[in-house]
Every structure is written in structure tokens, then in C-alpha cells.
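J.:
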Amino acid sequence: MTVVADCALDMRGISKTFPGVKALSNVNFAVKFGTVHAVVGENGAGKSTLMKVLNGSYAPTSGTIKVGGNEVRMRKPADAQALGIRMVHQEINLVPDLTVAENVYLGRMPGKWTWLRKGEMIRKAAAVLKELGAAINPRERLGNLSISQQQLVEIAKAYAAQPRIIVLDEPTSSLSEHETAALFRILRKMRGEGIAIIYISHRLKEVLEIADEVTVLRDGSMIETRPIEGITAAEMIRLMVGREVSNVFPKSPAEIGASVLRVERIGDGASFRDVSFDVRAGEILGLTGLVGAGRTEVARAVFGLSRLVEGSVSVNGRKVVINSPSEAVRAGISYVPEDRKGDGIVPGMSVRENISLPILRRLTSFGRIRRSADRSLSAIYVKQFSISPPDGERRINLLSGGNQQKAVIAKWLAAKPAVLILDEPTRGVDVGAKAEIHHIIGQLVADGMAVVMISSELPEILGVCDRVVVMRDGRASAPLTRAELSEERIMALATGEEAA
Amino acid sequence: KTVCYVTAADSHAYATPANKALEARAKELGVEILSLSQDFDVQKGTEQLNTCVARKVDGIILWPLDPQAYIPGLARAQQANIPAILINSPMSDDAKPFIKSFTGPDVYEEGKLAADSLSKALGGKGSVVIIAGQAGNGTTIGRVNGFTDRLKETNADIKVLDTVNADFDQQKALVVSRDLITRFGDQITGVYANDDTMARGFIDAWKEANPSKPTPPIVGINGQKDAFESIKSGEMYSTIVQSPVEDGRLAINTMAEIIDGKEVKDRLPIPLTVVTKDNVGSVEPAF
Amino acid sequence: MTDAAMEISGVNRNDRFTRGSRLVDMLSKAGLALAILAVVLYGSFASPAFFTAGNLLNVLTSMSIVGIVVVGMTFVLVVGGLADLSVPATIACGAILSLGLQPLIGPVPAFALAVALAGLIGLLNGVLVGYVGINPIIATLGVGTIGLGIVQAAVGGVIVYGSNTASAEFAKGRLLGIPVVVLIFLAIALIGHFVLSRSFWGRWTLATGGNYSAAEASAVPVKAVKAGAFVITALASGISGGLLGLTLQSARPLIGSGYEFSAITAVVVGGVSIIGGFGSVPRAVAGLVFVQLLTNVMVLQGVRTPVQGFVLGILIVGAVGMDAALRKRGVA
Amino acid sequence: MRLLVLASQYRVLIILGLTLVVSALVVPGDLAPSTLGLGLDRAATIGLIAIGLTVLLIAGQIDLSGGAVFALAGIVSVILQREIGILPAAIVGILVGAVAGAINGALVVGLKVNSLVLTLATMLIFRSLAHWITNSQPVTGTDILLSLALAKTYLEIFTIRSALFIVLIVLLHVWLTRTIPGRNVFAVGSNPAAAKESGIASDRIVFLGFVLAGTLAGLAGVLQSLVTNTGSPVFGSELTVAVIAAVVVGGTRLEGGRGSALGTLGGVLTIGSLTIAMEFQSIPAYVQQVVSGLILILLVVLDRAVTTKGRAPGTRPALVRDNPITQGENV
Ligand SMILES: Nc1ncnc2c1ncn2[C@@H]1O[C@H](COP(=O)(O)OP(=O)(O)OP(=O)(O)O)[C@@H](O)[C@H]1O
Ligand SMILES: Nc1ncnc2c1ncn2[C@@H]1O[C@H](COP(=O)(O)OP(=O)(O)OP(=O)(O)O)[C@@H](O)[C@H]1O
Ligand SMILES: [Mg+2]
Ligand SMILES: [Mg+2]
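Protein chains in written order, with our numbering: chain A, 1 to 500; chain B, 1 to 287; chain C, 1 to 332; chain D, 1 to 331.
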């Protein structure tokens, strides 16, 4: 195939309609070889859909695609791969029962005829993982890895295929700064090799750092493509939301009260131990650290989704023993999980049914769900959180990621908790929705709620938290107060290296 | 001496008393019984014959569930010099060379007796439905064919409206009978059920549909207790008593004779008694 | 989208969202009704005996026993429990005990005890599936085998006869011209429908089937809910078996064989998803009605048993195929 | 804990060993080669079908129609003996199995329906066909001597049937562990969406898996019919459950993505020798039922105990949660 000029990809007039949603309308999108092309937009703007069209996962309703100057039709992902297109999905898309190496080479394992050359495969996979700075054993069963490790394997898989065009759909959403840096090194190297890189992220700082060009999508339409020079984050945000977004990280002005949740020397016998912290009314406690540091496990154990083997938990000064989420809810603890698709939503149910799920018993009389109570509950939150579309009867899996996230938070607020644990509440959420979520959190603490926020995004942690606990290898640091907070300090605690 | 007994099932209204009688009698005779249950699975039975041969037993009593499938196994037993006899159900003539004897009721004969009995009840004229057992089952085949062949043989003016399978199951018989009654209504002047359980199903369906009308003459087989009650009350015309106890005892007696080196007849039927209102008081029900 | 909702959003960004799936949604709901109608029409033309009160009542009576099981099985499928294969054992348990215990403790306590013991089998299933996390097919297969083995050992294979005529009369009798079993079936179906669609337990069942971990993380007692579906099915089968015993006045260990397949067939033809999270009792019952009417028409036409099985098989293929196709269009 | 994990990894061997030891104690001469051969032959029918089912289960599918295909193929091979001779008839019988498998596969892949329900339906269809073409009567072959020859044991252990089974299962082991298509079967069963995204032709793999399962069920049925010189529409009705039990006892997971040929071999042998041992003891069928049921459940519970607790406590199951047995319905 002859490469016409340096145009790697040219998508023209792409539209895609789902039952009930026009996800893309008449989008034009072109990418040059040897550049990093960022795609930004609010949740539900259609970024992932556009990429899935490019990847052959979805057939476009209309439009043409040219790869390397030639018009192509792709019916399945294999067609796209034959053209040298590789995609790292927003959602992890790997085979849990195969080894890491087999996953990296899934669909193109090396070998003569059909015999599997295992040794070679493992060697190559190890090399690729090392290059990505990931300490993962290629022989390990993939299902045993943490999400972020799986994310790294997903990237390794695309990279190892030596594509001509690589699509990364929010690859860093579950990566730490450290791993993100390693990824960027690789991306720069690939750019140097003339590969076309499409990079989707909600983290505009990353976009400004790595991208050469940026395309903004809004509501399924292409708004603008621009070189990165001369564009600012604020301008990108304006293009994305079509309005000015002022304070991205509002500081919480709330008054701090008595300690609400206190955990003392808790451990689960495996991923963490000797973890202590407390949260007070009106306070946001940040919980941060590198990937796999054990933050999620702490939260899940406190919420009764897994077992504690040592230590104690008290709420409002009373010791509580929590063995199941319903006991946690009764004790006044709510938990917004990090894995929205897996733990957050029941896809076949409406927004209304999802919101009322944890407190269903409170809405029933004689076993029967009181319909009016059910409806008004969801109506309140749909309005308060401006969930879009504002229709509680819509099936929640038809909403965009950010709106799903708002519904999940709403679900947990409906339980009227004393303390709310949020695990990566803004992961993969666009700036607009992020600001809204931060605003909601601010309101909550102003009303005297205690909030624990787990996040990997340092600016977010620095921006909203009153105190921060840093975890490393299953151990927690002493809380840092606002005065002690700095990016360097946190990184030092998270990596275990003394700050320079 | 050890005898291998490949029975139809361990847990069955007819087989269980037959097995018990056989084993009790064996004890009296000082014969040890190795009892294997096919659970109504032919394939299992064919393989169990191999187990018997491997155990080097002194004789095999087989309850066949298929007219043919056991022949290779029986041949292997013969090669190993193990005498074999059949209990309860016949096999095709091809099996003759491999067995010493067949003891038990003649299911084909039962079909014939049933045909005669029903003919008599109908005065040689009418139209009947047959409620048959499991499709493909040897007993079903014998009992149905004996019946229809006999009707042909005697040139009776009796038409078979339909033959349906109800798997020797009362509930299934109830369901198919409802449909038969809806379909044929008053055309049904007689009923032949392959066993009393299914006859019961028909009676219940009839009473549902025509609460006040008396049932047409119904002929069953087996001689169960409840069939006797039905005959007394006039709901059923006749049944044929085939005693499982006799069945079991005759088989082991015959095998004992064979082991002792005596010659036995190649066909030893157990007595079959047709029970109607006339003799229902004087005959013992089978089970 | 309601007008009020439009007002709240205020902006016109939401005209991207339409309700494209409505038609397909309707079709998947109405499909079965149309199919039933077609069978009824065909049956009425083909056989004069079909559209008579007597015949239709027969169909209703015949389907009542399995219908009770269908109500329970719906819960199992909706909760994501695939299928309960121990139904033959629970039916046998219900039938044999409700007859066998009559002379000892009287008909009503016998019935109650039979159903309770059947429920115990269900509890065992439920614990294995819900709490231990064993695949339902394997668990119910194993428990069913064990249960049936014990039942057989207990009665030694002989037939158990009923000894109480009053209870037999009641079970075979009619109330207002409708057979008692039909009334019991309808009552159980109504209760089942209420529980699944209106009560918190039903919502929990749907949520657990829809996304197990999300339901767990939403404070739904998922293990109990999953186990509950099997207990419900076992209780239903126990009742069904008890009624079967009472109407037949006799019971054998293998009395319930085949009921599990009939029940699953009905539920699946009714369009209840086998992966869970979706389905309702009326749908399952409609599936049952359809299968039973079709079988009835074939019987009235004198179609032979093997051919009936053949047609039924093709029908299930058609039903699940259509359901899958419609679902794919309805919601991707 | 360690011990449990070990026990679970080698459970098939352990159980098999236990069964053999116990039966050696209670049965005179059980460990004689001829008795072992008996167990093996007994296991061969289940085993042949289990080979196909192992592949299907790993690929996240299930086939309940095996028993019916078994009967149908046997009937065809017997009926045709008179017309075209024994060997061609046998081949046609096996082909019938292949075609039945292809029908299953095409329907599952084409309609994108759950295979549990679909093969439940085709089971009904194939079984009805078997009754239909035989008019529900068993049919008889032409050559009874062949049956005897086929059932002969060689080297005191192997019959043709059991030798065939052993060879095929070893081949399956190599294929599953050492070849790319073999590994892809695991991928398809473990996460169908990811397999598809990676360019693996999962539809083709699933389809061929069904063809394989059908062919092997056909082969087993033809062999059975030759050995008994009979084709019967009621053959194999108890088979499917036994086969599933054997495969699951062997450690293959019903949800797809995990399993092994050697495990299946162990499972099949366990069930075979268990049956023989219990039969030698004249244990009533219902007690046998209870025992097999208990073993099945105990094994699966043990498996559960180690797979959930074997990992560090508190860790959560993998993120990718698509349950492949449900694959097809919501792609
Ligand atoms: N399979 C689908 N069926 C129906 N609607 C869909 C489907 N996939 C996406 N959508 C809808 O299409 C729109 C665009 O979604 P898409 O996932 O492309 O957004 P996105 O820009 O990637 O958002 P995010 O930043 O949250 O990942 C959303 O409204 C979404 O709800
Ligand atoms: N799916 C999983 N299966 C097995 N172990 C896991 C899984 N997910 C995480 N772990 C392990 O649990 C430990 C703590 O992980 P956890 O997810 O709590 O960390 P985290 O700080 O929340 O990081 P992140 O959420 O960014 O991955 C790690 O050792 C990790 O390897
Ligand atoms: Mg996206
Ligand atoms: Mg985490």
C-alpha cells in the first residue's frame, strides 16, 4: 500500500445511530502519521463511539473511512487490525483465564503453523512489559492482576502488535503518574517511528503535554481540530462544553465537626494492614497512592464487601462490625465503587430502579414497593444532579459514563449516609461533569457529611481534600494536613523515596 | 454359587417385588445374587453383562429391555461358559442360541389375552383407543402387537382409533386421555391400556369429562390393587394378573436347576390370569 | 420523554435522545400474544373439538401442575440461576410424602410437611448456588440425584397410594365450575407475579440477575436472593407434586421426571432471558399457554408423538432465536 | 490451605486412586487388568462424548443434545447396513453426528442464542427424529460377529473403543495446550468479546466445537450400535448427565475458559471405575445415585473453596465478568 502524503486516517461524514441515541452526526476526523492526535469532549460526546467505528467494532450508519489514502470498509475488528489499526479500549477487554503473555499476543500468537512457541512469546511479552515500566510476570494468569495492571497489559498488547495507527481510549484513567510517564515515553518513541497515535483523555494536562493536535467533540458533532500550540486548557473546556467553566476544583468551605468514621489498625490479611485514619463531619479526606497500593481494598473492606481480619471500625464513636454492605448502610456508610460497569450499575434497570436499590426496604410497605416514593426519589436526584437525559425511566446503560456516575453517586446519597466513600469518583468523567461532581461533594460536606475520596489524580486530591492519607504497599501514612500538602510530598510518600 | 442378576430397575412397582422374591428364594437355595440395576437404560445393561462375565459368575439372569442389544453380551457369556436365562421380557429369536431359557410372562400373550377380553366386552364390535407404554420399550411393543395381531387374527370388527404413548405414567395417561376423549368423544367404545396405572389415568379423564356417564369397557394389565377396586366398582372391565413374585421365583428356580446340571425348557411362562368382575373376589392382586 | 423532563433539561442537546426501541419492545411483548392467537385460530379451523369449553378447560387443567413449577422456575432464570434440574426430585418428594404421610398425620399436615421438605431440598440448592457459588446446573443436578435416590430408598420403589378420599375429592373437584388445581395455579401465578414485579424481593431478584456485583455493592443480600429463587422453585414444585399425588391418588419416585424440561421450555418460550435480569411471570405463563395449546392442537389432529416433539423443538429454536434478534435491536 | 489447593489440583488423581484402592479392598481381583479394561470400556462411551464436551465447555458453550445424537447416529448406521454395507453405513452414521453438530453450531452462532436452551431444543428434535424414523422400534444390524469382534479386549485391557478414546483424549490434550487454535478456545470461552476484538474468529471456533462434539457423539453412537448390533431410539437418554458430570469432575468449568483433557480423562475414569466398583458390590442403583451425586457436589465445593480462598483473601474477582455461558445474548 502506498502512503499518500502523511495522512494516516481520514474519516468523513461519519454518523452512527443507536436505538434511541444519535451518537455521532457527520463527523470529519483526520490524523497524520507521526503525530499524537488528542480527542477530547464531555462524557457521551461520542469519542469512544468514533473510535469503535474506526476499529471495526461498530459499522457507521453513514460516512467513509480512508486509511493511508485508500478507502476501506471494516466489518469486524480483525479487518481493522489487518490495516494496522490497534485500539486500547476504555473498558478492559482481555481474557482473564489466559496468561499475561497469551493476552499480549492474543489473536496473533507467534509460531510456525499452528504450534505455539511459548518460550518466544513469553520472552517477547516480558520485553514489551519492561519497556512500559510494568513489573508484571508474563506467566501470571491475567485475572489475578489489578485493574491498573490489566490496563498496562492492554496497552502492551496494542503496542506489541506494532500498529501503524494506535487508538488509546482513556489509557491513563487507572494509571498512576509514574506509569503515565512511562506510557508517554513510549508514545513519543512511537511518534518518532511515524506511527499515528489517537489519544483520548479527560485529563487536559496530559493532552497539552503529549498531543500535537486536538479535536474536540461535542454532542456527537465535531467542533474543531486545532494544533496544540496556542490552545489552553480553558479554551479546550470552552469548546467542549460550549460555555465557560470557572472553578474546576472548588475548595470546601465547610465547617469541620466531630469525627464520624474512624478506622484503627485494620488489615485484611493480604492487601493491606495496620491502616488507621479518621474522617470528621464536613471534611474531605483524600486517600491516594500508586496503583495497587490497596486503597480500593480498604474501602471495600470497610464497606463489608470483603473481610477484615484485624482492627476496628467505628462510626460516630460507636464500634461497628460490618460483614455486608447492608450492615454498612445501616451503620451509615456509603461506598461509590471504582468499577462503574462492574459494581456500580445494573444495566438492564432504569435510572430510577438503580437509585432506589440500596434503600428499597425503606420504600416498601408490606413488601410492596411504594411506586410514588420510588418515582419521586429518582426525580429528585435526576434533577439535582442534572442527569441527562432527565428521564428516570431510561435504562441506565444507555447513558454516557459521566451520567452513569452521577446516578451511582445519587444512589448512595439516597441512603442518607453519615460518611460517603468515593472511589475514583471522577475517573473517566469529563471536565463539566467533574466540576459538577466536585460541586456536589462540596455541598455534601457543607451539609455536614464526612467524605473519603480515593483518587489517583493529584491535582484533584490537592484541590478538594482537607487532609490526605497516602498509601503504599498496603500501609497508610499519617494524614497530611492542607498546610503539609504538596505534590512532591505525596509522591515521596507514595513511592517511598525521599523527596529531593 | 453366584448368579448375576441384571434387573430392569431397583425401584419400580413391579420390579422391586420381583427382585425381592428372587433374592429371597435365592437365599433359600443357597445361591448368592449379584444384583445389577439397569435403571431402564439398555446401554447400561449391555455393559453390565460384561461385568457379570468379568466376575466369572455361575449364571446370568437378564431382564432385557430391548429385543436385540444384549445378544453380543450374551454371546460373550456363552464363550465364558456362563449359562444365561431371561426373566420377564422376551428377546428376538436371534437371542435363542445364547440363552438357556426364558421365564416370565409372555407380554405378547398378554396383548392377545387383552384383545380377547376386550372383544368379549364389546361383543366383537367397536372402536377402541390404545394407551401404550414407552415408545421403543420391549414390553410396550409386545403388548401392543399382541393386541393388534390378535384382533386381525380373529377378524374382530374392532377398529383402533389411535395408539398413543403415555410411558406407563398415570399423569401422562391422564393428559393424553383428555385429548383422546375430546377428539373422539363417544366414538370410543373401548380402551386398552398397556398397564393398570395408565388405565387409571383414562378413568380419571373420563370422569372429568363425563361425570355422569359410565366408562366404556377398559382393559388393563398387571393386576394392581387399585385396578381390582376399579373392576369391583365397574370402572374397569378387566386386568391381567401377572405376579412379580412368581416372576422372580421362577427365574431363580430355573437358574438353580441349570446350575445343578438339569435340563430346562426353553420357555417357562408364569401363569397369567384374566381378572374380571366374575373372579375378582377370588384372585390375589399382584401388588 | 415527558414534557416535564424536557423542561428540566431546558437545553436542546437532548433531541439526540429518542425512543427508537419502542416498536421493537412492543413487538417482543406482543409476539407471543400473536402466536397464541394464531394457534387458537388455526386450532378452531382445524378441529371442531378445539374451541370448546371442555377442551380449553382440559388444557388449563393439564397445564396447571407444570404451571406452578413454571412460576418458580421464572425466579430461577431471572435471578441468573440458569435452571433448576432438581424439580423431579422435589415433585416426587411432594407427591410421595403428601400421600405416604396421610395415614400418620392426616392429609393437611402431610401436605404441609411434604411441601416443607421439598423446600428443604430447595434450601440445599440455594445454599450451594447462592452461598457456596456452585454452578446451578451442577448443584441442582447433584442435589436432584441425591434427593431422588433418597426418596427411592425410602419407599423402596413401590407405589404409594392415597388413603384419604376427602382430600382427593377436593383436589379433583371444582369451585364455581373451575377445577381446584387451576385455581391454585392461578393464585400462585398471581402471587409470583406480585412478588417479582411489585415487591422489594422481586426488584432484588431482577437486580441480582442483572448485575450480581453491582447488586451486592448496592446492599442487596445477593446470596439470599439467589438462594431464595431455588427455595421458591422447590416450594412450588412441592405444592405441584402434592397436588399431583392427590389428583392421581398414587405416587412413584419417578413421578416428576420431565417436568423440569417442560417448565424451562415454557419459561424460555415466554421470552425470559436465561442470562437473568429480565423476565416476568405473565411472560412465562404465556409461554406455557402457547406450548400447551400447540401440543393440544397437534394431539387433536392426531399428530404422532415423535412429530410433536419435533415441532416443539423447532418452536423453541424459533422462539429463542426471535427473542435474541429482537433484543439485539431493542438494546445493543 | 496449601494442602487444599494441592488436593484440588490433583483431585482427579486422588479420587481415582481412592476409588481403585477401595475397590481393590472390597472386590476380589478388581485390580486385575481385565477388570481395569472393563472399567475403561465402560468409560469409553461417556469418554468419547466427553472429549467433545470438554472443548465446548472451555469455549463457554454446552451441548445437551449429545445423547440424542448418539441414538440417531447409531440408528442410521444400523439401518443403512443392509443397503450400503457395514463400513459405509458406519461412516454415514458418524457424518450424521457431524451434521447434527453443525446444525447446533450454526444455530448457536447464527441466531446468537444461548446454547443451553438451544441444544435442549435440538435434543428434543434429534430424539424425535430417532423415534420417527424407527417408528419407535429398535432396529437390528446384519452382522453379529462384528459386534463380538469389536468388543474383544486386546492386551487384556483395551477394546477398540477404549483405545480410540485414550488416543483421542491424548490428542486433545496436546491440541489444547500446545497449539494456537487450542489456546484460542480458552480465549473464546473466557472472554468472547475480547477474543473477538483481538481478531480471533470466535464464531468459527464455536461452530467447529459443536461439529466436533456432534461428530464424537455420533462416533460413540455408531460404536455402541455396532457393539450391540442394535440401534434404538431410547439409547443414550441417560448419557448427557453422566458426561457433564465426568467433565466437571475433571475440573472443567461450566462457565468456560478453564478445563483440561487430562482432567476429563481422570473424571471419566473415576466415574467408570466407581460404577464398576459399586456394581461389583451389588449396591442398589439409588444408593449409587446418592454416592455419585455426593461426589459431584463435594468435588465442586472443594473446587470452589480453593479457587476463592486460594487467592489472597479479600481480593476481588477479575474485572472482566462476561459470563461466557451466556455468550451470544447480549453482544
Ligand atoms: N451500544 C450503545 N447503545 C446505545 N447507545 C450508546 C451505545 N454506545 C454509546 N451510546 C451512546 O452514545 C453516546 C456517545 O457515547 P460514547 O461512549 O461514544 O461517549 P464518550 O465520548 O466516549 O464518553 P465517555 O467520556 O463517558 O467515555 C452516549 O450518549 C452513549 O450513551
Ligand atoms: N481483580 C483482582 N484480583 C486479584 N487481586 C487484585 C485484584 N485487584 C487488585 N488486586 C490486588 O489487591 C491489592 C490492592 O489493590 P487495590 O485495587 O485495592 O489498589 P488501589 O490502590 O485501589 O489501586 P487501583 O484501584 O488503582 O488499582 C493489590 O495487591 C492488587 O494486586
Ligand atoms: Mg468513552
Ligand atoms: Mg482502586
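Ideal Cβ placement from N, Cα and C applies to all residues, glycine included.
As the structure is a prediction and not an experimental result, all values here were calculated from the model.
Does the beta carbon of D/THR215 sit closer than 8 Å to a beta carbon anywhere in chain A?
T.: As a position in the fourth sequence, residue 215 of chain D is number 215, starting the count at 1. No, its Cβ sits nowhere closer than 8 Å to a Cβ of chain A.
J.: Just to make sure I have the definition right: I need the residues of chain D whose C-beta is within less than 8 Å of the C-beta of B/GLY136. Which are they?
T.: Residue numbering aside, residue 136 of chain B sits at position 136 when the second sequence is read from its first letter. Near B/GLY136 (Cβ distances below 8 Å), the residues of chain D are HIS131, THR134, SER136, GLN137, PRO138, SER232, PRO233 and VAL234.
J.: Does the beta-carbon of A/PHE18, which I'm using as the reference point, lie nearer than 7 Å to any heavy atom of ligand 1?
T.: Start at 1 with the first residue of the first sequence, and residue 18 of chain A comes out as number 18. At least one heavy atom of ligand 1 is nearer than 7 Å to the Cβ of A/PHE18, so yes.
J.: Just to make sure I have the definition right: I need the residues of chain B whose C-beta is within less than 7 Å of the C-beta of D/GLN224. Which are they?
T.: For the purposes of this step, residue 224 of chain D is taken as the residue at position 224 of the fourth sequence. Chain B residues near D/GLN224: GLN43.
J.: Listed in chain order, which residues of the region 348 to 382 of chain A have Cβ atoms closer than 7 Å to some Cβ of chain C?
T.: The residues in question are GLY348, MET349, GLU353, LEU357, PRO358, LEU360, ARG361, THR364, GLY367, ARG368 and ILE369.
J.: Give every residue of the same chain whose Cβ lies closer than 6 Å to the Cβ of B/THR276, excluding the five residues on either side of it in the sequence, and list them in chain order.
T.: For the purposes of this step, residue 276 of chain B is taken as residue 276 along the second sequence, with counting starting at 1. Cβ neighbours of B/THR276 beyond the five flanking positions: SER238.
J.: Contact between the region 124 to 140 of chain C and the region 149 to 161 of chain C: three or more CB pairs below 8 Å?
T.: The answer is no - the region 149 to 161 of chain C does not touch the region 124 to 140 of chain C, with fewer than three Cβ pairs under 8 Å.
J.: Could you tell me if the beta carbon of C/THR90 falls within a distance shorter than 7 Å of some heavy atom in ligand 1?
T.: The count along the third sequence starts at 1 and reaches residue 90 of chain C at position 90. Incorrect: C/THR90 has no Cβ contact closer than 7 Å to ligand 1.
J.: Output, in chain order, the set of chain B residues within a Cβ distance shorter than 9 Å of D/THR228.
T.: Reading the fourth sequence from its first residue, position 228 is the one you call residue 228 of chain D. Those are VAL42, GLN43, THR46, ASP66, GLN68, ALA69, TYR70, ILE71, PRO72 and GLY73, listed as they occur along chain B.
J.: Might you give, ordered along the chain, the residues of its own chain that have their beta carbon closer than 6 Å to the beta carbon of A/LEU422, omitting 5 neighbours on each side?
T.: The residue given as residue 422 of chain A occupies position 422 in the first sequence. For A/LEU422, where only same-chain residues beyond five positions count, the Cβ hits under 6 Å are VAL336 and MET453.
J.: Taking buried to mean at least 16 other C-beta atoms within 10 Å of its own C-beta, is C/ILE191 buried or exposed?
T.: Taking the third sequence and counting its residues from 1, one reaches residue 191 of chain C at position 191. Burial call: exposed.
J.: Looking at C-alpha atoms only, which residue of B/PHE147, B/GLY123, B/ALA205 and B/PRO67 is the closest neighbour of D/SER232?
T.: Along the fourth sequence, read from residue 1 onward, the residue named residue 232 of chain D stands at position 232. If we check each option's Cα against that of D/SER232, B/PRO67 comes out closest.
J.: If you follow the alpha helix (DSSP H) that D/GLY266 is part of, which residue opens it and which one closes it?
T.: Indexing the fourth sequence from 1 puts residue 266 of chain D at position 266. Run containing D/GLY266: 261 to 280, per the alpha helix (DSSP H) assignment.
J.: Three or more C-beta pairs under 8 Å: does that hold for the region 112 to 124 of chain C against the region 79 to 95 of chain C?
T.: Yes: the two stretches touch, three or more of their Cβ pairs being nearer than 8 Å.
J.: Do D/GLY101 and D/ALA213 have their beta-carbon atoms positioned less than 8 Å apart in this structure?
T.: Taking the fourth sequence and counting its residues from 1, the one referred to as residue 213 of chain D is at position 213. Taking the fourth sequence and counting its residues from 1, the one referred to as residue 101 of chain D is at position 101. Yes; because the gap between Cβ atoms is below 8 Å, this pair is in contact.
J.: Do B/GLU47 and D/ARG42 have their beta-carbon atoms positioned less than 8 Å apart in this structure?
T.: Mapped onto the fourth sequence, residue 42 of chain D falls at position 42. Mapped onto the second sequence, residue 47 of chain B falls at position 47. Yes, these two residues count as a Cβ contact at 8 Å.
J.: When you check each C-beta in the region 61 to 78 of chain A against every C-beta of chain D, which residues fall closer than 9 Å?
T.: So the list reads LYS76, PRO77 and ALA78, given in the order they occur along the chain.
J.: Going by DSSP, what residue range makes up the alpha helix (DSSP H) through B/ARG249?
T.: By one-based count along the second sequence, residue 249 of chain B stands at place 249. It spans 244 to 259 - the alpha helix (DSSP H) in which B/ARG249 sits, taken as one unbroken run.
J.: If you follow the alpha helix (DSSP H) that C/MET63 is in, where does it begin and where does it stop?
T.: For this step, residue 63 of chain C is matched to residue 63 along the third sequence. Its alpha helix (DSSP H) spans residues 53 to 78.
J.: Taking the C-alpha atoms as reference points, what is the distance between D/ALA195 and D/LYS112?
T.: The residue you call residue 195 of chain D lines up with position 195 of the fourth sequence. The residue you call residue 112 of chain D lines up with position 112 of the fourth sequence. Taking the straight line from one Cα to the other gives about 16 Å.
J.: Mind checking if B/SER233 is an interface residue toward chain C, Cβ cutoff 8 Å exclusive?
T.: On the second sequence, residue 233 of chain B is found 233 positions in, with the first residue counted as 1. It does not; no Cβ of chain C falls within 8 Å.
J.: For a contact meaning CB atoms closer than 7 Å, what does A/GLY344 contact in chain C?
T.: Walking along the first sequence from the start, residue 344 of chain A turns up at place 344. Within 7 Å Cβ-Cβ: ALA214.
J.: Thinking D/GLY256 and D/ALA71 are a contact (beta carbons under 8 Å), I'd like their distance in whole angstroms, please.
T.: For the purposes of this step, residue 256 of chain D is taken as the residue at position 256 of the fourth sequence. For the purposes of this step, residue 71 of chain D is taken as the residue at position 71 of the fourth sequence. Rounded, the Cβ-Cβ distance is 27 Å, inconsistent with contact.
J.: Relative to ligand 5, is the shortest distance from any of its heavy atoms to the C-beta of C/GLY106 smaller than 7 Å?
T.: Although ligand 5 was asked about, the structure shown includes only ligand 1, ligand 2, ligand 3 and ligand 4 as ligands.
J.: Any heavy atom of ligand 1 closer than 7 Å to the beta-carbon of A/ASP430?
T.: As a working mapping, residue 430 of chain A is identified with position 430 in the first sequence. A/ASP430: yes, Cβ under 7 Å from ligand 1.
J.: Shortest alpha-carbon distance to C/GLY313 belongs to which of C/ALA266, C/GLY279 and C/VAL289?
T.: Position 313 of the third sequence, counted from the first residue, corresponds to residue 313 of chain C. Ranking C/ALA266, C/GLY279 and C/VAL289 by Cα distance to C/GLY313 puts C/ALA266 first.
J.: Counting only C-beta atoms, is D/ILE14 closer than 8 Å to chain B at any point?
T.: By one-based count along the fourth sequence, residue 14 of chain D stands at place 14. Cβ-Cβ to chain B under 8 Å: no for D/ILE14.
J.: Are there any heavy atoms of ligand 1 lying less than 7 Å away from the beta-carbon of A/GLN90, as far as the coordinates show?
T.: By one-based count along the first sequence, residue 90 of chain A stands at place 90. Flag set: Cβ of A/GLN90 near ligand 1.
J.: For ligand 1, any of its heavy atoms closer than 7 Å to the Cβ of A/SER350?
T.: Residue 350 of chain A sits at position 350 when you count from the first residue of the first sequence. No, since every heavy atom of ligand 1 falls outside the 7 Å radius drawn around the Cβ of A/SER350.
J.: Output the distance between the C-alpha atoms of A/SER477 and A/ILE387, rounded to the nearest integer angstrom.
T.: Here the question's residue 477 of chain A lines up with position 477 in the first sequence. Here the question's residue 387 of chain A lines up with position 387 in the first sequence. Spanning the two alpha carbons is a distance of roughly 37 Å.
J.: On a CA-only basis, which of D/LEU116, D/ILE205 and D/ILE103 is nearest C/PRO136? Give me that one, please.
T.: Looking up residue 136 of chain C in the third sequence gives position 136. Ranking D/LEU116, D/ILE205 and D/ILE103 by Cα distance to C/PRO136 puts D/LEU116 first.
J.: So which residues of chain B does D/ILE276 contact, with C-beta pairs closer than 7 Å?
T.: Counting from one through the fourth sequence, the residue named residue 276 of chain D turns up at place 276. What D/ILE276 touches in chain B: THR51.
J.: Just checking my contact of A/THR99 with A/LEU132 at CB under 8 Å: how many whole Å lie between their CB atoms?
T.: Working through the first sequence from its first residue, we reach residue 99 of chain A at position 99. Working through the first sequence from its first residue, we reach residue 132 of chain A at position 132. A/THR99 to A/LEU132, Cβ: 17 Å. No contact.
J.: How many Å lie between B/PRO285 and B/THR197 at the Cα?
T.: Against the second sequence, residue 285 of chain B aligns to sequence position 285. Against the second sequence, residue 197 of chain B aligns to sequence position 197. Roughly 14 Å separates the two Cα atoms.
J.: Straight-line CA distance for D/GLY310 to D/LEU302?
T.: Position 310 of the fourth sequence holds residue 310 of chain D. Position 302 of the fourth sequence holds residue 302 of chain D. The predicted position of D/GLY310 is uncertain, since its pLDDT is 36 and thus under 50; a value taken from the coordinates is nonetheless stated next. Those two C-alpha atoms are separated by around 11 Å.
J.: What residues in the region 220 to 242 of chain C have a beta carbon less than 7 Å from any beta carbon of chain D?
T.: From the region 220 to 242 of chain C, no residue has a Cβ closer than 7 Å to chain D.
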